[in-house]
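Asks: This is the structure, below, for whatever I ask next.
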Amino acid sequence: EGLNVPLSLHDSGSPRIPSFGDRMDSHTTGHILSHPFEAMSAMAGLIWFGVAENFPKLRVVHVEADAGWAPYWLQRMEQHYDFSGKAEHPHMKKTPTEYFKQNFFVAARGDEMTLKAAVDL
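Take the sequence shown: its letter number 5 is residue -12 in our numbering, and every next letter is one higher.
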């Protein structure tokens, strides 16, 4: 945050990651799923565990996972914030979507079918 430069995240994209590597038998299937899963996991951690709250000027960009997953992911986080997140994470002064808009960017491809939904965020 103090350097005033964005932090770029790029996950492994490997089918060998522990969370689901046993279920993926090829690079293709692992690559399809691992990028958005890893993006969601990394950025959710930064939101739910106080990094976005404690460093409001920090800018984080996630690359190579495209952007279409973001609307669905934010919807899920908003549902859980209302259901149990406020109680489990009382340090959060904003909603997950507010933190996302404050701190995060995702790289997108121009040919994504879901690009409009992601841009509308």
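Using N, Cα and C, we set each Cβ at its ideal position, and we do this for glycine too. Predicted model only: the values in this text are computed from it and were never measured.
If you draw a straight line from the C-alpha of K84 to the C-alpha of H10, how long is it?
Replies: Taking the straight line joining both Cα atoms gives about 32 angstroms.
Asks: Just to check my reading of the structure: E61 and T80 have Cβ atoms closer than 8 angstroms, yes? What is that Cβ distance to the nearest angstrom?
Replies: About 6 angstroms separates the two Cβ atoms, so the contact holds.
Asks: Tell me where the alpha helix (DSSP H) around S24 begins and ends.
Replies: Segment 10 to 31, the alpha helix (DSSP H) holding S24.
Asks: Taking contact to mean 3 or more Cβ pairs, one atom from each stretch, closer than 8 angstroms, check whether the region 28 to 40 and the region 66 to 81 are in contact.
Replies: Because the criterion of three Cβ pairs below 8 angstroms is met, the region 28 to 40 and the region 66 to 81 touch.
Asks: Mind the definition here: the region 50 to 60 touches the region 9 to 28 only if three or more C-beta pairs lie below 8 angstroms; say whether that holds.
Replies: Taking 8 angstroms as the limit for Cβ pairs, the verdict is that the region 9 to 28 does touch the region 50 to 60.
Asks: Report the rounded CA-to-CA distance for L(-8) versus R92, giving the unit in angstroms.
Replies: If I take the Cα positions, the gap works out to 17 angstroms.
Asks: Considering only their Cβ atoms, is the gap separating E(-16) from D29 smaller than 8 angstroms?
Replies: Note that residue 29 corresponds to Leu in the displayed sequence, not to Asp. No, the Cβ-Cβ distance between L29 and E(-16) is not below 8 angstroms.
Asks: What residue range is occupied by the uninterrupted beta strand (DSSP E) comprising L98?
Replies: No beta strand (DSSP E) holds L98; the alpha helix (DSSP H) holding it covers 98 to 102.
Asks: Measuring CB to CB, does V44 end up less than 8 angstroms from A100?
Replies: No, Cβ-Cβ distance for V44 and A100 is not below 8 angstroms.
Asks: Do T12 and G51 have their C-beta atoms closer together than 8 angstroms?
Replies: Their beta carbons are not under 8 angstroms apart, which means T12 does not touch G51 by this criterion.
Asks: So, are the CB atoms of A27 and D(-6) less than 8 angstroms apart?
Replies: Taking 8 angstroms as the Cβ cut-off, A27 and D(-6) do not qualify as a contacting pair.
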